[in-house]
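> Just passing along the structure, written as structure tokens.
In the working numbering, the protein residues as written are 397 to 526.
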């Protein structure tokens with residue numbers, strides 16, 4: 397469901413998180429920490445398991461688990477399970493989902509490596525660490 401279909405109130409997308417390579421012993425995962433100043437985000441795990449970062453806390457999520465990320469709260473996730481994780485993700489207000497289409501890596505001419513982060517920062521008041 398795209399934001400333009402809800403008059404910008406929300407959007408809803410299915411998202412598959414590929415597994416990451418196993419980490420060396422004692423190494424912390426990269427959660428891809430970021431925040432969105434003006435967007436509330438929700439995550440529902442439909443299949444699989446991942447580790448989620450919310451603020452400074454980390455916790456495990458598995459099928460059926462749900463988390464709400466208020467605007468301005470640092471968050472991210474790491475799939476260390478060895479298998480794909482299926483998520484249902486919402487954005488309030490909608491519109492941010494369009495970046496996932498614009499910056500798909502399976503296009504004939506792949507987008508610029510920093511294009512997603514650049515657009516999210518410029519268009520959606522997002523901030524990324526690292």
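Each residue gets a CB set at the ideal place from its N, CA and C atoms; glycine is no exception.
Along the chain, where does the beta strand (DSSP E) containing residue 485 start, and where does it finish?
Against the chain shown, residue 485 aligns to sequence position 89. Where residue 485 is concerned, the enclosing beta strand (DSSP E) stretches over 481 to 488.
> Is the beta carbon of residue 433 less than 7 Å from the beta carbon of residue 468?
In the chain shown, counting from the first residue as 1, residue 433 sits at position 37. In the chain shown, counting from the first residue as 1, residue 468 sits at position 72. It is a contact, given that the beta carbons lie within the stated cut-off.
> For residue 464, which residues from the same chain have a beta carbon less than 6 Å from its beta carbon, with the 5 sequence-adjacent residues on both sides left out?
One-based indexing of the chain shown puts residue 464 at position 68. 438.
> Please go through the segment 403 to 468 and give each complete beta strand (DSSP E) segment of 3 or more residues, from N-terminal end onward.
Entirely contained in the segment 403 to 468, the beta strand (DSSP E) runs reaching 3 residues are, in chain order, 407 to 413, 430 to 432, 436 to 443, 445 to 450, 453 to 458, 462 to 465.
> Could you tell me the alpha carbon to alpha carbon distance between residue 436 and residue 525, rounded to whole angstroms?
Here the question's residue 436 lines up with position 40 in the chain shown. Here the question's residue 525 lines up with position 129 in the chain shown. If you take the alpha carbons of residue 436 and residue 525, they lie about 18 Å apart.
> Taking C-alpha atoms, which residue in 456, 501, 402, 426 lies nearest to residue 444?
In the chain shown, the residue the question calls residue 444 occupies position 48. Answer by Cα proximity: 456.
> Measuring straight from C-alpha to C-alpha, what distance separates residue 518 and residue 491?
Translated into the one-based positions of the chain shown, residue 518 becomes position 122. Translated into the one-based positions of the chain shown, residue 491 becomes position 95. Their Cα atoms are separated by approximately 13 Å.
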